[in-house]
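A.B. asks:
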Amino acid sequence: MNENVSVLSQGMYTHTVRYSGNKIKIKNIKHHMPIYIFIFASIMLTIVSFFSLDLDFSKAVSRMPKVVDVLYKLGNLNFENFGITIRTFTETVTVTILATIYGGFLGLLVGALAAKNITPCRPLSLFLKMMFSLIRAVPTPVWVLLILACLGFGMSAGIVGLVFHVVAFFGRTFAQSFEEVPDGSIEALEAVGANKFQIFFSAVLPSSFTSLIAWTTLRFEINFAEAAILGMVGAGGIGYTIMAAMNGYKYGRAGLAVVIIFLFSYGVEVLVTAIKRKVKV
Amino acid sequence: MNRVSEVRLKSSNKKFIISIFIFSVIFILSTIFTKFNPVVAFTSQGEFWRFIFVDFLPPNFSKPEQILNASLQTFYMAFGSTVVAAFFALIFAFMGTYSICNNKILNKIIRGIASVLRNIPAIIWAFVLVAAFGIGNTVGVLALIISTTGFLIRAFIETLDELAQESIEALRATGASTFAVITQSAIPISLPGFISWFLYCIETNIRASTILGMVGAGGIGLLMTGYIKQYNYHSASAVIITIIVIIIAVNLLTEYLRKILMK
């Protein structure tokens, strides 16, 4: 019997290993040959990269005390204007939540249209998948800059800019989850005369539910990191506080903001692990 | 329907209603706080299209060597730092997993450091490093190494724990040394998993390094921000198109590598 072990299902690319029978895997140089070539080539390319970048290692080493100094100043947490810090942090969190929610619903729709097994027409599925990679190839801050032009400075631009990426991300990953639904369960419903909506809501959605949750929680974590840096382009949030504080040499305030970002994102990580464990059981 | 399934149905219904309720409250509170109105966002898209088609397009590729140079820098930055990060992460991952290094305190310390490194976005590391090193490629490389190492330590530890644990224990039982366990069991079994995560990080770091340029960490992002600040949108759009091409090309490349390496 084959047992599929899905490694790190929260990653972008789950990678599946099959244990067939009771064979124990042993080291096999020939089998791993492409991998060894790949590793060797990577190391070579890295050496080339660092030479071409003209990195000044001696300067980097001589500046190390400065890094310690900056970290020390950051660690000297300063609670001045704490209200503003908390306000911008709340902005970042709400932008994250709304972008995930709107993106999630839109992603469900486009994901269903893009999944090969349930799409109303094949060319649409191909077209959507191309659009997803195109949208995702533009960095989020660029989307936000474009949207700032029509919505003005503020959180709305941040939300809409993030939603672009989130929809493309969910479109791709949700379509992938829908495609993993066994054909049998779709065909069975088709045989009894169910229409597309009934098939989607009673077969496809329930059987891909756990993987949808895994993707959504992963994207929530990414969204928070993205929302935290949007302040740099004028979309508000805690990134703005950090930038303003660093530019004004108020390291203590910036340090406090960084600590808040860390605590929140660590908390989310712990929560997500707990949710996943619960959903899987 | 018998009683047991009825009770179970009721309790799952209750859970469902409670989650929907919490979800709606969070949604409404966030909407009130941000005053976000999706209808306005939808109806004011005219300006968005005007901005793209009038201000940005057509792209101005008048300085191709400058763009090529910056894109190569970005690629080098992302690739080199991912390899260095993978190297560090590999060593720390062995120290962070109980099946290889059975020192619970060291495991905890490694996992804690990794979580600090990865839960602070790369761009914020870049901000901090710019304050110390000044503007330049070094900052970009270091920021990427820091956040990628944090991410890969966790990914590698999870790969080791899920895949190699049984065979490591089996080898341990025969009295093999730690070095033998690592080279004969842990690495060969988890190598495809490691490579998969490595390729994933190449993709995310290419994206990240284009953004890092915006805070002065060099590469193509720096070029783009420069053009935008000068309101030279046609040149900026040329850079954005180049970014799109690089990212899609790298995605295709990693997909291809994944296919030939994961057979």
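So the sequences go chain by chain: A and B. Letter 41 of the first sequence, counting from 1, is numbered 41 in the working numbering, and no numbers are missing. Letter 220 of the second sequence, counting from 1, is numbered 501 in the working numbering, and no numbers are missing. Where a beta carbon is used, it is the ideal one built from N, C-alpha and C, also for glycine. Treat the numbers as computed from the prediction; the structure is a model and nothing was measured.
Using a Cβ cut-off of 9 Å (strictly closer), state whether Ala60 of chain A contacts chain B.
C.D. replies: For Ala60 of chain A, the answer is yes, since a Cβ of chain B falls inside 9 Å of its Cβ.
A.B. asks: Buried or exposed for Ser62 of chain A, please, with buried defined as at least 16 other CB atoms from any protein chain shown within 10 angstroms of its CB.
C.D. replies: exposed
A.B. asks: For Asp54 of chain A, which of helix, strand or coil comes out of DSSP?
C.D. replies: coil
A.B. asks: Leaving aside the five residues before and after Gly255 of chain A along the sequence, list all residues of the same chain whose C-beta is less than 8 Å from its C-beta, in chain order.
C.D. replies: The beta carbon of Gly255 of chain A is closer than 8 Å to those of Lys73, Leu74, Gly75, Asn76, Leu77 and Asn78 in its chain, skipping five residues each way along the sequence.
A.B. asks: Whose CA, out of B:Met505, B:Pro402 and B:Ile416, lies closest to the CA of Ile426 of chain B?
C.D. replies: For the residues B:Met505, B:Pro402 and B:Ile416, the minimum Cα distance to Ile426 of chain B belongs to B:Pro402.
A.B. asks: For chain A, check one thing: does any of its Cβ atoms lie closer than 9 Å to the Cβ of Pro339 of chain B?
C.D. replies: no
A.B. asks: Taking Cβ positions, are Phe432 of chain B and Arg399 of chain B nearer each other than 9 Å?
C.D. replies: yes
A.B. asks: Can you determine whether any heavy atom of the ligand FMN sits closer than 8 Å to the C-beta of Phe332 of chain B, and answer yes or no?
C.D. replies: No copy of the ligand FMN appears in this structure; indeed no ligand is present at all.
A.B. asks: Name the chain A residues that come within less than 7 Å of Thr523 of chain B, Cβ to Cβ?
C.D. replies: What Thr523 of chain B touches in chain A: nothing, since even the nearest Cβ is about 11 Å away.
A.B. asks: What residue range does the alpha helix (DSSP H) around Glu536 of chain B cover?
C.D. replies: Start and end: Tyr514 to Leu542.
A.B. asks: Is DSSP giving Glu80 of chain A helix, strand or coil here?
C.D. replies: coil
A.B. asks: So, does the CB of Cys121 of chain A fall closer than 9 Å to a CB anywhere in chain B?
C.D. replies: So, not an interface residue.
A.B. asks: Count the C-beta pairs between the segment 434 to 447 of chain B and the segment 410 to 426 of chain B that are closer than 8 Å, then say yes if the count reaches three, no if not.
C.D. replies: Judged by Cβ distances under 8 Å, the segment 434 to 447 of chain B makes no contact with the segment 410 to 426 of chain B, as fewer than three pairs qualify.
A.B. asks: Starting from the C-beta of Ser477 of chain B, find all residues in its chain whose C-beta is less than 6 Å away, skip the five residues before and the five after it, and write them out in chain order.
C.D. replies: none
A.B. asks: Can at least three beta-carbon pairs, one atom from the segment 221 to 232 of chain A and one from the segment 91 to 104 of chain A, be found at a separation below 8 Å?
C.D. replies: yes
A.B. asks: Is Glu450 of chain B buried or exposed, if buried means 16 or more other CB atoms sit within 10 Å of its CB?
C.D. replies: Its Cβ having fewer than 16 others within 10 Å, Glu450 of chain B is exposed.
A.B. asks: Taking only beta-carbon atoms, is Glu269 of chain A less than 9 Å away from chain B?
C.D. replies: yes
A.B. asks: Please compile the residues from chain B whose C-beta is within a distance smaller than 7 Å of the C-beta of Leu55 of chain A.
C.D. replies: Against chain B, a Cβ distance below 7 Å from Leu55 of chain A picks out Asn418, Thr419 and Val422.
A.B. asks: Looking at Leu146 of chain A: is its Cβ nearer than 9 Å to the Cβ of Ala227 of chain A?
C.D. replies: no
A.B. asks: Specify the secondary structure class of Phe337 of chain B as computed by DSSP and reduced to three states.
C.D. replies: Of the three classes helix, strand and coil, the one that applies to Phe337 of chain B here is helix, per DSSP.
A.B. asks: Going along chain B in order, which residues have a C-beta closer than 9 Å to the C-beta of Gly63 of chain A?
C.D. replies: A small fix is needed here, since residue 63 of chain A is Arg in this sequence, not Gly. The answer, in chain order, is Ala413, Phe414, Gly415 and Thr419.
A.B. asks: Does any C-beta atom of chain A lie closer than 9 Å to the C-beta of Asn532 of chain B?
C.D. replies: yes
A.B. asks: Can you give me the C-alpha to C-alpha distance between Ala407 of chain B and Arg488 of chain B, rounded to a whole angstrom?
C.D. replies: 15 Å
A.B. asks: For Val335 of chain B and His515 of chain B, what's the separation of their Cα atoms in angstroms?
C.D. replies: Approximately 9 Å, taken between the alpha carbons.
A.B. asks: Along the segment 73 to 91 of chain A, where does the CB come closer than 8 Å to a CB of chain B? Name the residues.
C.D. replies: Only Leu74, Thr90 and Glu91 from the segment 73 to 91 of chain A bring a Cβ to less than 8 Å from some Cβ of chain B.
A.B. asks: Could you tell me the distance, in whole angstroms, from the CA atom of Lys510 of chain B to the CA atom of Ala517 of chain B?
C.D. replies: 10 Å
A.B. asks: For Gln326 of chain B, would you say it is in contact with chain A, using Cβ-to-Cβ distances shorter than 9 Å as the test?
C.D. replies: With 9 Å as the cut-off, Gln326 of chain B counts as an interface residue toward chain A.
A.B. asks: Any contact between the segment 176 to 187 of chain A and the segment 526 to 534 of chain B? By contact I mean 3 or more CB pairs, one from each, below 8 Å.
C.D. replies: no
A.B. asks: Nearest CA to the CA of Ala114 of chain A: which residue from A:Arg172, A:Val167 and A:Met33?
C.D. replies: A:Arg172
A.B. asks: Please report whether the beta-carbon of Val397 of chain B lies at a distance below 9 Å from any beta-carbon of chain A.
C.D. replies: For Val397 of chain B, the nearest beta carbon of chain A is closer than 9 Å to its own beta carbon.
A.B. asks: Just mark Lys540 of chain B as buried or exposed, buried being the case when its beta carbon has 16 or more other beta carbons within 10 Å.
C.D. replies: Lys540 of chain B should be labelled exposed.
A.B. asks: Verify the CB distance criterion: does Asn383 of chain B have a CB-CB separation below 9 Å to chain A?
C.D. replies: no
A.B. asks: Thinking Val142 of chain A and Leu151 of chain A are a contact (beta carbons under 8 Å), I'd like their distance in whole angstroms, please.
C.D. replies: The C-beta separation of Val142 of chain A from Leu151 of chain A comes to about 15 Å, leaving the pair out of contact by the 8 Å criterion.
A.B. asks: Quick check: what's the CA-CA separation for Ala519 of chain B versus Ile492 of chain B?
C.D. replies: 16 Å
A.B. asks: Starting from the beta carbon of Ser311 of chain B, find every residue of chain A whose beta carbon is closer than 7 Å, and list them in chain order.
C.D. replies: Thr94, Ile97 and Leu98
A.B. asks: Any beta-carbon of chain B closer than 9 Å to the one on Lys276 of chain A?
C.D. replies: no
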